[in-house]
Structures are given as structure tokens and as C-alpha cells.
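Engineer: After the C-alpha cells below, expect a handful of questions from me.
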Amino acid sequence: MHSAVLLIEFGSIILGLGLLGRFAARFRLSPIPLYLLAGLAFGEGGLLPLGASEEFVATGAEIGVILLLLMLGLEYTASDLVSNLKTHYPSGLVDCALNALPGAAVALLLGWGPAAAVVLAGVTWISSSGVIAKVLGDLGRVGNRETPVILSVLVLEDLAMAVYLPIVTALVAGAGLMAGSATLAIALGAAGLVLFLAVRYGRVISRFVSSDDPEKLLLVVLGLTILVAGVAQQLQVSAAVGAFLVGIALSGEVAEGAHTLLSPLRDLFAAVFFVFFGLHTDPSSIPPVLLPALGLAVVTALTKIATGYWAARRAGISVKGRWRAGGALVARGEFSIVIAGLAVSAGIEPSLGPLATAYVLILVVLGPLTARYTEPVATWWGRRREPRRPEPAHRATEAEAPVAD
Numbered sequence: 066m067h068s069a070v071l072l073i074e075f076g077s078i079i080l081g082l083g084l085l086g087r088f089a090a091r092f093r094l095s096p097i098p099l100y101l102l103a104g105l106a107f108g109e110g111g112l113l114p115l116g117a118s119e120e121f122v123a124t125g126a127e128i129g130v131i132l133l134l135l136m137l138g139l140e141y142t143a144s145d146l147v148s149n150l151k152t153h154y155p156s157g158l159v160d161c162a163l164n165a166l167p168g169a170a171v172a173l174l175l176g177w178g179p180a181a182a183v184v185l186a187g188v189t190w191i192s193s194s195g196v197i198a199k200v201l202g203d204l205g206r207v208g209n210r211e212t213p214v215i216l217s218v219l220v221l222e223d224l225a226m227a228v229y230l231p232i233v234t235a236l237v238a239g240a241g242l243m244a245g246s247a248t249l250a251i252a253l254g255a256a257g258l259v260l261f262l263a264v265r266y267g268r269v270i271s272r273f274v275s276s277d278d279p280e281k282l283l284l285v286v287l288g289l290t291i292l293v294a295g296v297a298q299q300l301q302v303s304a305a306v307g308a309f310l311v312g313i314a315l316s317g318e319v320a321e322g323a324h325t326l327l328s329p330l331r332d333l334f335a336a337v338f339f340v341f342f343g344l345h346t347d348p349s350s351i352p353p354v355l356l357p358a359l360g361l362a363v364v365t366a367l368t369k370i371a372t373g374y375w376a377a378r379r380a381g382i383s384v385k386g387r388w389r390a391g392g393a394l395v396a397r398g399e400f401s402i403v404i405a406g407l408a409v410s411a412g413i414e415p416s417l418g419p420l421a422t423a424y425v426l427i428l429v430v431l432g433p434l435t436a437r438y439t440e441p442v443a444t445w446w447g448r449r450r451e452p453r454r455p456e457p458a459h460r461a462t463e464a465e466a467p468v469a470d
């Protein structure tokens, strides 16, 4: 009986996602906001809460994030990654300063204390790689000149999480200096090892994975990615970082074949991830913190746009590309929820969880819209503010010309 209910619930979710996707495609919109609203409707405190399929959906959501980052990594080689990191690290520093400080400031102004300030700084700092990867694909911008700049900022953020998450974990748990230092050392060592293997032995890994049989290639790539992501997460490193590094380790025909085979799976599980995010948000917890969350969302949306614009300008991208880069970085998502969850589970501040949830919901809905419309709006505004050219001087006609004496 339980199995039958699970199949009915999960089948209904997949069918509903397909219909929502078709609806969004008709109006040329990203389906992500609709997926989130569907999750809210059927989650905790929603219209019709799910029961039997919740654990299955949670697993599917984890796979969705992993596949999104794997596919993102397949677009670039290991040498591209190292080059981008060397070139764009100042953009990462600007990103941290502009977007972490507003969160920390709000927490301190609300009297939540330094631990909550560090947590909320992370919530407002980190963009959602999963949402942004999906939006770039939906808008057909993966090949744009500004996309490597966007990805460089995202990669710097994801790698920064290898340092930040162990620190936050030790901070909210009240761990001592030795315990926190050990956790941080393990995380940095694991991230460094995976990155070293991807850069140094990428060709060997590609040869190991390569197969003329699509079935075997799919199984090996998918299994290797989930395995590395699981090991990375076990070592206190983000599973998303592990999946991304597997993607950049694969190159050539292997990367192209894996991209083709995994695209349908990515779309399926990515949609499940966004629904799962909504499922675990109680709509009744949002109204009390809506105003501060909205204010923080507006401020950090503007700072993210400024970050993308600055990074793209530094890379020599045109003005339109700079605005597209800024608008694409606005969405927050999976990392922000993970960070807030650490504080909530430790009992740091009861209001932090609902505030973070409302904040992420606002920006995860706003993000696809800013990605699409920031550049056209900026272009329109720039044209409007341009000074009008003076009318050409009126030339006298022969009839109006003075008659010579």
C-alpha cells in the first residue's frame, strides 16, 4: 500500500512539473518559480502535504544539484578552471565584500550576535549555482562571452564553501579551536586533492571513463560523479564542488557524450530539487519576517548585479554583457538553505530560519527574472538618460534669404 501511494504521489509530481514546464515555455519564462510555488502548495502547511514520497523526493533533489553542477563542469576543462581562478580571484573578493557584509550587518542590527552574523553573511553571499546553471541553459546563454565570468564567480564561491562551512559548523556547535581547525584542515585537504587530480590527471580519467557504448558511459559517469560527491560531502566539502570537479576532469568526446546522455536526467532531477525546496517551507512562517527579508533581498540583489557588472567589466565584456552577468548572479538557493539549517539545528536564533527561507524564496523567484530583464531595462534606462541631440539649424530658403543690395 505504501509503495502504491509513493508511486501515485511521485508520478503526480513529475506530471505536474511537465505541465508547468510547458506552461512556462509558452510564455518564454523560466519554470523555476513555478516549481517552487508547486512545492509550497504541497509542502509543510500547504494545500495538500505529501507523505509517502517525501524521502524519495529528498534523494532526487540531492541528485538534481549534483547533476546541475556536473553538467556545468562539463562545459569547461581543468585548464580553463585554473586560468579563470587566477584571472578572476579579485572578483571573488569583491563578491564577498559586497554581499556578505549586508547579511552580517542585518543580523547585528537585529541583536542576534556574532555567530548569527557569520551565518547570515553566508546566506546573503552565496549565489545558487544550481538555479543559475538552469537559467543560463533556459536562456541559451551558455556560449555567451560573459558566461565564463559568471562561472568563475560561482566556482570561487563554491570553493570558498570548503573553507566557510567547516568554520560555521564549528562556530554554531561551540567547538573548540583544535576541533574547528581539524575540520577545516580536512576540508581544505580534500578539496585540494580533488582539484589536483582533476587538473593533473584529467586525461587519464577521461580515458578510464570513455566507452563507445552509451549505456556504459552513462553508468560510469553517473556512478563516478555521485561517488565523488558523496565522499566530498563526508569530508565536509560540498557535494556540488565534487560534482563540478568531476565535470571539468572529463574532456573531449567523453565530455560531449556525457553531456548528451545526462541532459534529460539533469532536467528531471533539477526540477525535483526546486520542488523539494518548496516542500520544506511552511508558508505560515514567511509573513512575520517578510519585510526584513524583502529589504535584504533588494539590497543584495543590487550588490550582486554590481558584482557581476564589475567582474565582467574587468574581463573586457561589453556593457550589455556586464548587465547580463550581474542579473544572472542574483538568485540564492541550495547553499543558503544549508548554511541557515546549520544555525537552526544548533538553536542559534529562532527567527534566522524563517528569515533565510523568505529571503531565498524571494531571490530564487526574482533571480530568473533579473537574469532575463536586467540588460534590457538597463539599456532602456541608458537611452532615456542620453541627452537629446540638438535639432539641426534651420536653413533659410531662397524665399527667406535676404536680397543683396
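Each residue of the sequence shown is one higher than the last, beginning at 66 in this note's numbering. Even glycine gets a Cβ: it sits at the ideal position worked out from N, Cα and C. Every value quoted in this text rests on a predicted model; they were computed, and no experiment measured them.
From E321 to L201, what does the alpha carbon distance come to, in whole angstroms?
Structural biologist: Cα to Cα, E321 sits roughly 18 angstroms from L201.
Engineer: Is the beta carbon of V214 less than 8 angstroms from the beta carbon of A390?
Structural biologist: Closer than 8 angstroms, so yes.
Engineer: In angstroms with no decimal places, state the Cα-to-Cα distance between T152 and V218.
Structural biologist: The straight-line gap from Cα to Cα measures roughly 11 angstroms.
Engineer: Note down the Cα distance separating A235 from A408, rounded to an integer number of angstroms.
Structural biologist: Their backbone Cα atoms lie some 11 angstroms apart in a straight line.
Engineer: Would DSSP call R379 helix, strand or coil?
Structural biologist: R379: helix per DSSP, three-state reduction.
Engineer: Look up Y374 in the DSSP assignment and say whether it is helix, strand or coil.
Structural biologist: In this structure, Y374 counts as helix in the three-state DSSP scheme.
Engineer: Could you check if L85 is buried or exposed, using at least 16 other CB atoms within 10 Å of its CB as the buried criterion?
Structural biologist: Buried, because 16 or more other Cβ atoms sit within 10 Å of the Cβ of L85.
Engineer: Is it the case that the Cβ atoms of P353 and P419 are separated by a distance below 8 angstroms?
Structural biologist: Yes, these two residues count as a Cβ contact at 8 angstroms.
Engineer: Which ranges would you report for the beta strand (DSSP E) in the region 254–301 if only whole runs of at least 3 residues count?
Structural biologist: Entirely contained in the region 254–301, not one beta strand (DSSP E) run reaches 3 residues.
Engineer: Any idea if F309 is buried or exposed, counting beta-carbon neighbours within 10 angstroms, 16 or more meaning buried?
Structural biologist: The residue is buried, with at least 16 neighbouring Cβ atoms inside 10 Å.
Engineer: By a C-beta neighbour count over all protein chains shown, 10 Å radius and 16 as the cutoff for buried, is Y473 buried or exposed?
Structural biologist: Because the chain in this structure spans residues 66 to 470, residue 473 falls outside the shown range and cannot be described.
Engineer: Rounded to whole angstroms, how far is the Cβ of N209 from the Cβ of G386, which I believe are closer than 8 angstroms?
Structural biologist: Yes, they are in contact, since the Cβ atoms of N209 and G386 sit about 7 angstroms apart, within 8 angstroms.
Engineer: Under DSSP, the alpha helix (DSSP H) around W190 begins and ends at which residues?
Structural biologist: Run containing W190: 179–190, per the alpha helix (DSSP H) assignment.
Engineer: Go ahead and pull the three-state DSSP assignment for P415.
Structural biologist: P415 falls in the coil class under three-state DSSP.
Engineer: Considering only the alpha carbon of each residue, which of A405, Q299, F338, V285 lies closest to G312?
Structural biologist: Nearest C-alpha to G312: V285.
Engineer: In or out: K281 buried (at least 16 other Cβ within 10 Å) or exposed?
Structural biologist: It is exposed - the Cβ of K281 has fewer than 16 other Cβ atoms within 10 Å.
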